[in-house]
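Comments concern the structure below.
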Amino acid sequence: MPNAIDTKKYAFSGNARKELRKELHIPQNAFVLGHIGRLCPQKNQGFLIDVFREVLRQDKNAVLVLTGDGPDKELLQARTIAQGVAQRVVFTGQRSDAERLYSAFDCFLLPSNYEGLPVVGVEAQCAGLPCLFSDKVTPEVKLTGTAQLLPLGSPHDWACAVMCCRGMRNTDAPQQLVRKGFDITRSAGQLMEFYLNVNKTP
Numbered sequence: 003m004p005n006a007i008d009t010k011k012y013a014f015s016g017n018a019r020k021e022l023r024k025e026l027h028i029p030q031n032a033f034v035l036g037h038i039g040r041l042c043p044q045k046n047q048g049f050l051i052d053v054f055r056e057v058l059r060q061d062k063n064a065v066l067v068l069t070g071d072g073p074d075k076e077l078l079q080a081r082t083i084a085q086g087v088a089q090r091v092v093f094t095g096q097r098s099d100a101e102r103l104y105s106a107f108d109c110f111l112l113p114s115n116y117e118g119l120p121v122v123g124v125e126a127q128c129a130g131l132p133c134l135f136s137d138k139v140t141p142e143v144k145l146t147g148t149a150q151l152l153p154l155g156s157p158h159d160w161a162c163a164v165m166c167c168r169g170m171r172n173t174d175a176p177q178q179l180v181r182k183g184f185d186i187t188r189s190a191g192q193l194m195e196f197y198l199n200v201n202k203t204p
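Structural data, given as structure tokens:
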């Protein structure tokens, strides 16, 4: 069964976008890059900070939001200072309202060093976000047409891809995920039908 989600919950909300940006002290007109994940070597947030430095050279009003906690937190905070981007990076810590965060983002990035099919990738696409994944993520993550897989070599290349994502939010994304079987309601029904058929087997 696919990594199904509640597509209604993760659909884009203009109200959530406005409220969360206000809560995080992010200007409503800022271009926001977002990431949700454990702060650890696997997720490769250090590379993401390097990408963001390149983005800032093209858009000085950009903001990077890193949501999550983990062993690399202090190292990553130090890296933002060393790169001169600390004033434009928001560390939110662990949060339980990912659906609101996706609405506040303009682009989602997951430059993992290795990854299966990440649920956050499904959620972010459900919110209509253009998503950039490393090519270490399984290609099955490309579900809605707004996802790209990129090699991890060049922060500059990633930054250029980010800038090309502006204004690309996909409002039909929840329906696309439903059609592909990634809606939790439909998947639950399919799973129930599977177990009923198993029980009928002599």
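Residue numbers (the working numbering): 3 to 204.
In this text, a Cβ means the ideal position worked out from N, Cα and C, and glycines have one as well.
I'd like to check one pair, residue j with residue i: are the Cβ atoms closer than 8 Å?
i, j, result
"V137", "P153", "The residue you asked about is not Val; residue 137 is Asp in the sequence shown. Yes, they are a contact pair."
"P141", "V53", "no"
"I38", "V65", "no"
"L68", "V164", "no"
"R55", "Q89", "no"
Within its chain, find whatever has a CB closer than 6 Å to the CB of residue i; leave out the 5 residues flanking it on each side and keep chain order.
i, result
"L206", "The structure shown does not extend to residue 206, since the chain spans only 3 to 204, so no value can be given for it."
"P176", "T9, A13 and C128"
"C1", "Here the chain covers residues 3 to 204 and nothing more, so residue 1 does not appear."
"Q178", "T146"
"V57", "A64, A161 and V164"
Can you round the beta-carbon distance between residue i and residue j to whole angstroms, since I take them to be within the 8 Å contact cut?
i, j, result
"G70", "Q96", "6 Å"
"T82", "I51", "6 Å"
"A32", "I186", "32 Å between Cβ atoms; not a contact."
"G114", "N46", "Gly is not the amino acid found at residue 114; the sequence shown has Ser there. Confirmed, about 6 Å."
"P120", "V143", "7 Å"
"G123", "L111", "Not quite, the Cβ-Cβ distance comes to about 11 Å (not below 8 Å), so this is no contact."
In three-state DSSP terms, what is residue i?
i, result
"A6", "coil"
"D71", "coil"
"D185", "strand"
"I51", "helix"
"L152", "strand"
"G16", "helix"
"L145", "coil"
"L131", "coil"
"C109", "strand"
"G123", "helix"
"I38", "strand"
"T82", "helix"
"F196", "Any reading at F196 must be qualified, since the residue scores a pLDDT of 37, below 50, and its modelled position is unreliable; the value itself is stated next. In the structure shown, F196 sits in a helix (DSSP, three-state: H, G or I)."
"V91", "strand"
Kindly list the residues whose CB is nearer than 8 Å to the CB of residue i, restricted to its own chain and excluding five residues on each side of it in sequence; keep chain order.
i, result
"K11", "E101"
"R40", "G70, D71 and G72"
Closer than 7 Å by C-beta to residue i: which residues in its own chain qualify, once you throw out the five before and the five after it? Chain order, please.
i, result
"Y116", "Q44 and K138"
"R59", "none"
"G16", "none"
Determine contact between the segment 169 to 188 and the segment 72 to 79, defined as no fewer than three beta-carbon pairs at a distance below 8 Å. no
Would you be able to state if there are at least three C-beta pairs under 8 Å between the segment 102 to 109 and the segment 125 to 132? yes
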